[in-house]
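Asker:
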DNA sequence: GCACGTTCAACGTGTTCA
DNA sequence: TGAACACGTTGAACGTGC
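Residue numbers (UniProt numbering), protein chains in the order written: chain X, 1 to 120; chain B, 1 to 120.
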């Protein structure tokens, strides 16, 4: 039987293997990272061609504009609809604290990671 | 068909479906967990904006400060009178940064990413 | 049975490296 | 550019006490 694991696990943007829901869309790691970087840096990106470039696994690098377009078309969005842009979702202190923790912290990191099948 | 609309089963904080009374207010699971975590960890949380952020089901994650504010406004509180199970909560609330900084340790590269059984 | 605390997978974000 | 890692919050499921 064709199990459910390979069927609905395709990236909504390029068709690559999706790793989960990122920014409200089922996407791969590549499109997740691309969207995160691009949507802030180049919101007004325009396609030098017809604006209908193919966005497949192999072609996705060729036209960032159309890729971003398809990301948005797939429903990807930063969750900042009504509020102005939050620099960080939590305490708005992305700088010193994170840096400090990163440099000086040794976390035990004892995640049990038991098999717990939850439906979400 | 159950008349769900007549039942006032909405979270007093975010309007999501409430699961019962938690900390003296009718709230959802999310706000219950949020309040329990936050009221101990970051009692001095402040909103980086005007302090009047929307706290709805969709927006509740964006501003913990305003969410906590609304939790308190809804009447949520830790009842330490009869449930003083905690030996000593160790507050001192010097700010969220110190909470991380006082860990003061060294980074350790552990492969925390175990095989996670994604079942979705 | 309800309320509380705990657990942990899912997810967002920053960083690093090839 | 993208895979992997690090670290945090979130919230549903779960166990427990009253």
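All C-beta atoms in this analysis are idealised placements derived from N, C-alpha and C, irrespective of residue type, glycine included. The model shown is predicted, which means the values in this text are computed figures rather than measured ones.
With 16 other CB atoms within 10 Å as the buried threshold, where does residue 27/B fall?
Answerer: By the neighbour-count rule (16 or more Cβ atoms within 10 Å), residue 27/B is buried.
Asker: So, helix, strand or coil for residue 68/X, using DSSP?
Answerer: Residue 68/X falls in the helix class under three-state DSSP.
Asker: Cα separation between residue 20/X and residue 76/X?
Answerer: Roughly 13 Å separates the two Cα atoms.
Asker: Give the straight-line distance between the Cα atoms of residue 57/B and residue 13/X, rounded to the nearest whole angstrom.
Answerer: Each residue's Cα considered, the two are about 27 Å apart.
Asker: Quick check: the Cα distance between residue 10/B and residue 22/X, rounded to an integer number of angstroms?
Answerer: Roughly 28 Å between the two C-alpha positions.
Asker: Threshold first: 4 residues or longer. Then list the alpha helix (DSSP H) segments lying entirely within the UniProt domain "Nuclear receptor" (8-83) of chain B, N to C.
Answerer: Taking only runs of at least 4 residues, the alpha helix (DSSP H) segments lying wholly in the UniProt domain "Nuclear receptor" (8-83) of chain B are 29-41, 64-73.
Asker: What does the alpha-carbon distance come out to for the pair residue 34/B and residue 52/X?
Answerer: Rounded to the nearest angstrom, the two C-alpha atoms are 44 Å apart.
Asker: Do you know offhand how far residue 73/B's Cα is from residue 67/B's?
Answerer: Roughly 10 Å between the two C-alpha positions.
Asker: For residue 15/X, which residues of its own chain have a beta-carbon under 8 Å away from its beta-carbon, when the five flanking residues on both sides are left out?
Answerer: Cβ neighbours of residue 15/X beyond the five flanking positions: 56, 57.
Asker: Can you tell me whether residue 78/X is buried or exposed, with buried defined as 16 or more other CB within 10 angstroms of its CB?
Answerer: It is exposed - the Cβ of residue 78/X has fewer than 16 other Cβ atoms within 10 Å.
Asker: Around the Cβ of residue 59/X, are there at least 16 other Cβ atoms within 10 angstroms (buried) or fewer (exposed)?
Answerer: Exposed, because fewer than 16 other Cβ atoms sit within 10 Å of the Cβ of residue 59/X.
Asker: Tell me whether residue 50/X is buried or exposed, calling it buried when 16 or more other Cβ atoms sit within 10 Å of its Cβ.
Answerer: It counts as exposed.
Asker: Straight-line CA distance for residue 86/X to residue 62/B?
Answerer: Confidence in residue 86/X is poor, its pLDDT being 36 and thus under 50, which makes the residue's placement unreliable; the coordinate value appears in the next sentence. Residue 86/X and residue 62/B: Cα-Cα distance of roughly 8 Å.
Asker: Going by beta carbon distance, what residues of the same chain come within less than 8 Å of residue 32/B, once the five residues before and after it are set aside?
Answerer: Hits under 8 Å: 19, 22, 23.
Asker: Closer than 7 Å by C-beta to residue 47/B: which residues in its own chain qualify, once you throw out the five before and the five after it? Chain order, please.
Answerer: Excluding positions up to five away in sequence, the list reads 53, 63, 65, 66.
Asker: So, for residue 70/X: in the same chain, excluding its five sequence neighbours on each side, which residues have a beta-carbon less than 6 Å away from its beta-carbon?
Answerer: Excluding sequence neighbours, residue 70/X sits near 13, 55.
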